[in-house]
Each structure stands twice: as structure tokens, then as C-alpha cells.
Amino acid sequence: MTSTATLPPAEAGIPATSRPAEVDSRAAYASFGLAYVLGHGAAAASHGDSPLLGLPDWLPMTLLGSGLVTGIVQATLAALRAQRGAPAPEILSGKLLGTAWIAAFTALALAITGLTSVLDAPELQSVLWPAGSGIVVGLLYLAEGAVRRNVLHYGLGIWLALTSGAVLSLDAPGLYWALAGAGGGAYALATVLEARRLRSLTRPTTHG
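In our numbering, the protein residues as written are 4 to 211.
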């Protein structure tokens, strides 16, 4: 008499589940990187005693916001593609992480709106939004990296959170130059390293 207790799921008549595929973050990293370079770069070039460019105040924030939205969409699409065929707990984790992005940026918007209103200093938004969004994205990357066991994503989150907090001690345009260089450079490096990481995962292992 045989028992199915020790048989693999497929042989025991139980549908096998697979882990989700790796999330390819290259498109998201590139979008966020362009947002940092163009958005913060435009802000840096148009601020200071002798601005390099005469740009309207709304343009840098528009460039930054557009890039961030594009990056979030790219990250969401990549996560959805990776979850195809994944077990229910993995899919739930992905949905919770996706909801965290919405909740975090909503909380940031409420905090910045409330703070600038109480202090009657609307001009602070031009500083709090760039730094605050970097901190929020960094902390979300920390959570995602931990859940996905992705050291590159986790390390990028640490860098973004720390540098975005540190630049608050700088005046404009130094704050914007620092964000454009530190953030944009980190995303460019992460895009290259992400390609190498994905290749290493698909490379066949050899046994000696």
C-alpha cells in the first residue's frame, strides 16, 4: 500500500505553484533617474543668485512629477509581469507593496500641505517635495528589497533615503544639484547593475 504523503505536489494530484519571476526594474530605474536629472537639474539651473537658465517655477516640479509617475507605472507593470503564475501569498505581498506606494505619497502630500499651510510658507514645497519624495521612495525600496530578497533594490533604497534626508541641510541650488547628482547617478548605476543581476540569475550553474 502506498501513500501520497511523501510524493511531490504534482504527483500527489496537488497543482504545483511556482515562485514569481524576478522583477525587472531597469525601466523603472531609468524613469526615476531621468526624473532626478531633468527635474532636479532644471531646478538647480534656475535657482541661485546667478541662475544658468530662466525657467518658470512650475517646470522643474512638472518634470520631476512626470518622471516619478512614469517610474511608478513602470515599476507596477514589472511587478505584475513577475507575479504571473505566482502563489496567492506572493501575489498578496505584491498588492500590499503597490498599495504602500499610494498610501506613502498621499501621506507625504498631506504632510507637506499641512506644514506649509501652518507655517504660511508655501515656498517650502519646492524643497520638501524633492527631498520628501526621495525619502519615501527610498523607504519603499527598503521594504520591497527585503520582501523580494533583492540586495540591489535594498541598497538603492538606503542610499536614496539617506541622501534625500541629508540634502535638507543645503540651500538652493546646492540641494537640487546634490539630488540630481546623487539620485540620478545612483539610478544610472542601478540600471546597469540590474541588467547584470538579471543575467546572473539566468546563467546556468555548473557543478564541478
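The C-beta atom is built at its ideal place from N, Cα and C for all residues, glycine as well. Since this is a predicted model, take the numbers as computed values, not measurements.
{"Item": "Which class does GLN128 belong to by DSSP, given the choice of helix, strand or coil?", "Value": "helix"}
{"Item": "If you draw a straight line from the alpha carbon of ALA45 to that of ARG84, how long is it in whole angstroms?", "Value": "34 Å"}
{"Item": "Assuming ASP27 and LEU201 are in contact, meaning their beta carbons sit under 8 Å apart, how far apart are those beta carbons, in whole angstroms?", "Value": "6 Å"}
{"Item": "Since SER129 and LEU111 are thought to touch, with beta carbons under 8 Å apart, how far apart are those beta carbons, to the nearest angstrom?", "Value": "SER129 to LEU111, Cβ: 14 Å. No contact."}
{"Item": "Is the beta carbon of LEU159 closer than 9 Å to that of GLY148?", "Value": "yes"}
{"Item": "Only counting the same chain, and skipping five residues up and downstream in sequence, which positions put a Cβ closer than 8 Å to that of LEU143?", "Value": "LEU100, ALA103, TRP104, ALA107 and GLY160"}
{"Item": "What's the call for THR205, buried or exposed, on a 16-neighbour Cβ count within 10 Å?", "Value": "exposed"}
{"Item": "Evaluate TRP180 with the Cβ neighbour count: other Cβ atoms within 10 Å of its Cβ, from every protein chain shown; 16 or more gives buried, anything less gives exposed.", "Value": "buried"}
{"Item": "Can you list, in chain order, the residues of its chain with a C-beta nearer than 6 Å to that of ALA48? Leave out the 5 residues immediately preceding and following it.", "Value": "LEU55 and LEU56"}
{"Item": "Indicate whether LEU145 and GLU197 have their beta-carbon atoms separated by less than 9 Å.", "Value": "no"}
{"Item": "Looking at THR166: is its Cβ nearer than 9 Å to the Cβ of GLY36?", "Value": "no"}
{"Item": "Here's a check: name, in chain order, each residue in its chain whose Cβ is nearer than 8 Å to the Cβ of LEU58, leaving out the five neighbours to either side.", "Value": "ALA45, ALA48 and SER49"}
{"Item": "Specify the secondary structure class of LEU55 as computed by DSSP and reduced to three states.", "Value": "coil"}
{"Item": "Mapping DSSP to helix, strand and coil, what is GLN86?", "Value": "coil"}
{"Item": "Near GLN77, which residues of its chain fall below 6 Å by C-beta distance, leaving aside the five closest residues on each side in sequence?", "Value": "ALA30, ALA31 and SER34"}
{"Item": "The alpha helix (DSSP H) spanning SER120 covers which residue range?", "Value": "91–121"}
{"Item": "I need the straight-line Cα distance from GLY241 to ALA38, nearest angstrom please.", "Value": "The requested residue 241 is not part of the displayed model; the chain covers only 4 to 211."}
{"Item": "So what does DSSP say about GLU25, is it helix, strand or coil?", "Value": "coil"}
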